[in-house]
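Q:
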Amino acid sequence: MRQKPQFEPLLSTHDVAVMLSLTQPTVRDMIRRGEIRAARIGRQTRITVAALETYLHDRGIDLSTIRRGGAPAATAAPSSGAATPEQTDEHGIAQGAPVR
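Under this note's numbering, the first residue of the sequence shown is numbered 23, with each subsequent residue one higher.
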């Protein structure tokens, strides 16, 4: 029986922005400056969890802290519309968050 290939989850710029309490334009600027590695898939930009972990590790930030709802140093607190830790999946991506 053939095994299914294992793929690493990919994050959108929106996902990363939510996780880091940043805006999407800020995340895109960070990608352009080479601070976060990303790949283009068609017209979409995607970031691997490993690339995000590398970015955070290089800055002394633990991804598990962010997943628990803590904000990285020097970032604003999440707005009242931000997903709580209970509303995020295993990668810290907001699930069921209100659409505006």
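Just so it is clear, CB atoms sit at the ideal spot from N, CA and C, and this is done for glycine as well.
1. With Arg59 and Thr35 assumed to form a contact (beta carbons below 8 angstroms), what rounded beta-carbon distance in angstroms separates them?
2. From the DSSP output, in three-state form, read off Val40 for me.
3. Using a 10 Å radius around the Cβ and a threshold of 16 neighbouring Cβ atoms, would you call Asp37 buried or exposed?
4. Look up Ile63 in the DSSP assignment and say whether it is helix, strand or coil.
5. Taking Gln46 as part of the alpha helix (DSSP H), name the residues at either end of that continuous run.
6. Starting from Glu57, trace the alpha helix (DSSP H) in both directions and tell me its first and last residue.
7. Just to confirm, are Leu32 and Thr76 a CB contact at a threshold of 8 angstroms?
8. Short of 8 angstroms in beta carbon distance, which residues of its chain neighbour Ala17, apart from the five on each side in sequence? Order them along the chain.
9. In whole angstroms, give me the CA-to-CA distance for Arg24 and Glu30.
A: This is what the structure holds:
1. Their Cβ separation, rounded to whole angstroms, is 13 angstroms, which puts Arg59 and Thr35 out of contact at 8 angstroms.
2. Val40 falls in the helix class under three-state DSSP.
3. By the neighbour-count definition (other C-beta atoms within 10 Å, threshold 16), Asp37 is a buried residue.
4. It is a strand residue.
5. Counting along the chain, the alpha helix (DSSP H) containing Gln46 begins and ends at 46-54.
6. Where Glu57 is concerned, there is no enclosing alpha helix (DSSP H), given that its DSSP letter is neither H nor E.
7. Taking 8 angstroms as the Cβ cut-off, Leu32 and Thr76 do not qualify as a contacting pair.
8. With the chain covering only 23 through 122, there is no way to say anything about residue 17.
9. Separation of Arg24 and Glu30 (C-alpha to C-alpha, rounded to the nearest whole angstrom) is 19 angstroms.
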